[in-house]
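S.K.:
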DNA sequence: TATAATAATGACTACTTGGTCAGTTGTCAA
DNA sequence: TTGACAACTGACCAAGTAGTCATTATTATA
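Protein chains in written order, with the working numbering: chain A, 6 to 281; chain C, 6 to 281.
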C-alpha cells in the first residue's frame with residue numbers, strides 16, 4: 006500500500022469517529038506511524054487530503070453506478086441494480102459514508118464544490134434516465150417527485166444499513182424498494198415537483214470538457230509503465246486533438262485502457278464526451 | 006431579548022454558515038457585540054451553548070408534533086399534519102435545521118445523546134401510532150418499513166425546502182405525500198424491516214421518570230412570578246410526591262400552566278407520565 | 001566503498017482555540 | 001454622595017493547530 010493510501014485510509018477511520026475538523030494532522034500521522042513531515046510529502050495540506058478522499062470515493066461511486074446501469078438492458082434491472090450498487094458501495098465504504106453523511110462540508114475549496122456538483126448531477130441524470138426508460142410517457146410530470154422519493158428511500162435505509170450490525174439481505178431490500186417505486190409510479194396522481202423546481206434545485210447542466218480529459222490523461226500518463234497502455238494514451242491524446250476524431254480508434258483505445266483500474270475515470274470521461 | 010437568547014440566535018446563524026467546529030466563541034461574541042467574559046456568564050462552555058440550542062429546538066419540535074397530532078382525531082389528518090408540522094418547523098427554523106442536517110454531532114456530552122434518543126424515540130413512537138391507527142391490522146409487518154419510508158420522504162423533501170428560495174405550497178406537498186404513503190400501505194406486499202430490526206435500530210424504550218419532571222418543575226419555578234402559576238406548580242409538586250395522585254387536580258393544574266409557554270415542556274412530561 | 005539522490009524526521013514557528021479572572025463600569029438604594 | 005452589588009470587559013494563559021525546514025537515515029548507483 007502506498008503512503009498516500011495509508012494516510013487516506015487512516016484519515017477516513019479517524020474522521021468517521023471524531024469528525025473531520027476535530028481530527029488533527031498530528032493524530033493522523035501518529036496513527037499511521039509516520040512523522041508529520043512525511044504527511045506533507047504526500048499531501049500539500051490537510052484540505053488537499055480531504056479533497057482527495059472525497060474525490061476518490063465519488064469517482065469510484067460514479068464509475069460503478071455507470072458501469073452497472075449500462076450492464077443491464079431491462080430498465081427494471083437497472084433500477085434494481087441502481088439501488089443495490091448504491092447500498093453495497095455504502096456498506097463497503099461504511100467509514101467514508103459515515104463521514105459523508107455526517108459532514109456536509111461547509112466552505113472548503115470551490116473546486117471541490119464544482120466537482121461534487123458534477124458527480125451529483127451525473128448520478129441524478131442517470132436516475133432520471135432509468136425512470137424515463139421504465140415509465141416513459143406515462144409518468145409525465147411525476148418523474149421529478151419519483152427522483153426525490155428514490156433518493157429518500159436510499160437516505161432512509163442507508164441509515165439502517167450503517168447502524169445495524171447484523172447482516173442484511175440487500176437484494177431483498179432492493180426488491181422491496183423497486184416494488185414501492187413501481188407502486189408510486191403506477192398508482193399516484195398527485196405530483197409536487199415541477200420541472201422548473203427540479204432543475205433549479207438538483208439539475209445543473211454539467212458537460213465533460215476536453216480540457217478535463219486532457220488533464221486526466223496527462224495525470225494518468227505519468228503513473229503508467231506498460232507500453233501498450235502508454236501508447237494507447239498517446240493515440241487517445243492525438244485523436245482528442247484531431248479535427249476529425251475517429252470513434253473506432255477511440256473505442257479500441259478504451260478497450261485497451263479498461264484493464265487498468267487507474268484509467269477508469271479517464272475512460273468514463275471519454276465515453277461521456279463522445280457518447281460511447 | 007435576553008443575553009442568552011441573543012447568543013443562541015447569533016450562534017445558530019454562524020453555525021449554519023460556517024459549521025459548529027469552525028465557529029469560535031470569539032466570533033460569536035463579536036457578532037453579538039459583547040465580550041468574551043459576558044459569554045461565559047450565560048453559558049459555562051461552548052458545549053453547553055450547543056447543548057442548549059439543540060435542546061431548545063428539539064423540545065419545541067417535540068411539543069409541537071405532540072400538540073398537533075392530538076388536535077386531530079381522524080388518523081388521516083394526523084398523518085397530514087405530521088408531515089405539515091415537520092416541514093413548517095423546518096422552514097421556520099431553517100438555520101437550525103441546516104446545522105442539524107449538516108452536523109450529526111460526534112462525541113459531545115453523553116447527556117445530550119440520551120436526550121436526543123428521548124426526542125427521537127418519542128417522535129418515532131408518535132409516527133408508529135399514526136400508522137397503526139391509519140392502517141390497523143391490515144398493515145401488519147409493513148409498519149416498520151412505512152416508518153422508514155415516511156422519514157425518507159421527509160428527509161428528501163426537506164432538502165428541497167431548504168434549498169429553494171421560491172415559496173412552496175407545503176399543503177400540496179403534504180397531500181401528495183399522504184397519497185404516496187397510502188399507496189404504499191395499500192398496494193405493496195414486500196416488506197423488509199422486521200420488528201426486531203426496527204427495535205434494535207430506532208426504538209429505544211424511553212420512559213419519563215418522576216425525577217425528570219421534578220427537575221424541570223424546579224427549573225421553571227425559579228423563572229416564574231405569577232401567583233397562580235407558582236401555586237399551580239406547588240400543587241403539581243405535591244401531587245407528584247403524593248402516594249395517590251389525583252388526576253383531576255393534575256389535569257386542572259396543567260390547564261392553568263398551559264398558558265405559560267415556559268411550562269410547555271413540563272406539561273408535556275407530566276401528560277406523558279400520567280397518560281393524560 | 002563512495003557518492004548522489006531520495007525519504008523521513010521532529011523540533012520549530014506563527015497562530016487560533018476555549019476558558020479565566022483581576023479589574024472596570026453601571027445601577028440603584030440608603 | 002456613598003457604597004454595595006452585579007454586569008461586563010479584555011488581556012492573558014495553556015493547550016492545541018497547520019505547516020516548515022535543517023538535519024538525518026536510507027537507498028540506489030557508480
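A virtual CB, placed ideally from N, CA and C, is assigned to each residue, including glycine.
May I have the straight-line CA-CA distance separating residue 210 of chain A from residue 126 of chain A, to the nearest angstrom?
M.R.: Spanning the two alpha carbons is a distance of roughly 8 Å.
S.K.: So, is residue 16 of chain C buried or exposed, given that buried needs 16 or more other C-beta atoms within 10 angstroms?
M.R.: The residue is buried, with at least 16 neighbouring Cβ atoms inside 10 Å.
S.K.: Compare the C-alpha of residue 286 of chain C against each of C:119, C:135, C:230 and name the closest.
M.R.: One cannot answer for residue 286 of chain C here, as it falls past the ends of chain C, which runs 6 to 281.
S.K.: Where does residue 19 of chain A fall in DSSP's three states?
M.R.: Looking at residue 19 of chain A - three-state DSSP - the assignment turns out to be helix.
S.K.: Check the Cβ of residue 192 of chain A against every Cβ in chain C and list those closer than 7 Å, keeping chain order.
M.R.: Going along chain C in sequence order, the residues near residue 192 of chain A (Cβ under 7 Å) are 188, 192.
S.K.: Taking the alpha-carbon positions, what's the residue 73 of chain C to residue 159 of chain C distance?
M.R.: Near 17 Å, if we compare the C-alpha coordinates of residue 159 of chain C and residue 73 of chain C.
S.K.: Can you name the residues of chain A whose CB is closer than 7 Å to the CB of residue 195 of chain C?
M.R.: Per Cβ cutoff of 7 Å: 180, 181, 184.
S.K.: For residue 42 of chain C, would you say it is in contact with chain A, using Cβ-to-Cβ distances shorter than 7 Å as the test?
M.R.: Not an interface residue.
S.K.: Under 7 Å between the Cβ atoms of residue 273 of chain C and residue 68 of chain C?
M.R.: Yes, these two residues count as a Cβ contact at 7 Å.
S.K.: In chain A, which residues lie with their C-beta within 9 Å of the C-beta of residue 124 of chain C?
M.R.: None at all; the shortest Cβ gap to chain A is about 16 Å.
S.K.: Does chain C have any CB closer than 7 Å to the CB of residue 161 of chain A?
M.R.: For residue 161 of chain A, the answer is yes, since a Cβ of chain C falls inside 7 Å of its Cβ.
S.K.: Quick one, which of C:190, C:262, C:258, C:115 has its alpha-carbon nearest residue 147 of chain C's?
M.R.: Closest option to residue 147 of chain C, Cα to Cα, is C:190.
S.K.: DSSP three-state label for residue 104 of chain C, please.
M.R.: Residue 104 of chain C: helix per DSSP, three-state reduction.
S.K.: For residue 265 of chain A, which three-state DSSP category applies?
M.R.: Reduced to three states, the DSSP call for residue 265 of chain A is coil.
S.K.: Just the C-alpha distance for residue 32 of chain C and residue 59 of chain A, rounded to the nearest angstrom, thanks.
M.R.: Each residue's Cα considered, the two are about 29 Å apart.
S.K.: For residue 277 of chain A, which three-state DSSP category applies?
M.R.: Correct three-state label for residue 277 of chain A: helix.
S.K.: Look at the alpha carbon of residue 180 of chain C and the alpha carbon of residue 208 of chain C, and state the distance between them as a whole number of angstroms.
M.R.: Going from the Cα of residue 180 of chain C to the Cα of residue 208 of chain C covers about 27 Å.
S.K.: Look at the alpha carbon of residue 226 of chain A and the alpha carbon of residue 235 of chain A, and state the distance between them as a whole number of angstroms.
M.R.: Rounded to the nearest angstrom, the two C-alpha atoms are 7 Å apart.
S.K.: Pull up the CB-CB distance for residue 90 of chain A and residue 70 of chain A, whole angstroms please, since I reckon it's below 8 Å.
M.R.: Right, the Cβ-Cβ distance comes to about 6 Å (below 8 Å), so this counts as a contact.
S.K.: How do the stretch 148-168 of chain A and the stretch 85-99 of chain A stand: do at least 3 beta-carbon pairs fall below 8 Å, yes or no?
M.R.: Yes: the two stretches touch, three or more of their Cβ pairs being nearer than 8 Å.
S.K.: For residue 193 of chain C, which three-state DSSP category applies?
M.R.: Coil, per DSSP.
S.K.: Could you check if residue 248 of chain C is buried or exposed, using at least 16 other CB atoms within 10 Å of its CB as the buried criterion?
M.R.: Residue 248 of chain C comes out exposed.
S.K.: Establish whether the CB of residue 157 of chain A and some CB of chain C are separated by less than 7 Å.
M.R.: With 7 Å as the cut-off, residue 157 of chain A counts as an interface residue toward chain C.
S.K.: Can you check whether the C-beta of residue 153 of chain A is within less than 7 Å of a C-beta belonging to chain C?
M.R.: Yes, contact with chain C.
S.K.: Quick one: residues in its chain with C-beta nearer than 7 Å to the C-beta of residue 269 of chain A, no 5 flanking neighbours on either side, listed in chain order?
M.R.: Counting only Cβ-Cβ distances below 7 Å, and skipping sequence neighbours, we find 68.
S.K.: Buried or exposed for residue 258 of chain C, going by 16 or more other Cβ atoms inside 10 Å?
M.R.: Residue 258 of chain C should be labelled buried.
S.K.: What do you get for residue 28 of chain C, buried or exposed, if any count of 16 or more other CB atoms within 10 angstroms of its CB means buried?
M.R.: Answer is buried; the Cβ neighbour count reaches 16.
S.K.: Roughly how far, in whole angstroms, is the beta-carbon of residue 193 of chain A from the beta-carbon of residue 192 of chain C, given that I think they are within contact range, below 8 Å?
M.R.: At roughly 10 Å, the Cβ-Cβ gap does not stay under 8 Å, so residue 193 of chain A and residue 192 of chain C are not in contact.
S.K.: Using a Cβ-Cβ cut-off of 7 Å, state whether residue 206 of chain C counts as contacting chain A.
M.R.: Answer yes: the Cβ-Cβ gap between residue 206 of chain C and chain A drops below 7 Å somewhere.
S.K.: Report the neighbours of residue 202 of chain A on chain C: residues whose CB is nearer than 9 Å to its CB, in chain order.
M.R.: Result: 165, 169, 171, 173.
S.K.: Near residue 284 of chain C, what residues of its chain come up, given a Cβ to Cβ distance below 8 Å and the 5 sequence neighbours on each side ignored?
M.R.: A query on residue 284 of chain C cannot be resolved here, the shown segment of chain C reaching from 6 to 281 and no further.
S.K.: Straight-line CA distance for residue 137 of chain A to residue 151 of chain C?
M.R.: Cα to Cα, residue 137 of chain A sits roughly 26 Å from residue 151 of chain C.
S.K.: Given that a residue counts as buried once 16 or more other Cβ atoms are within 10 Å of its Cβ, and exposed if not, what is residue 122 of chain C?
M.R.: With fewer than 16 Cβ atoms within 10 Å of its Cβ, residue 122 of chain C is classed as exposed.
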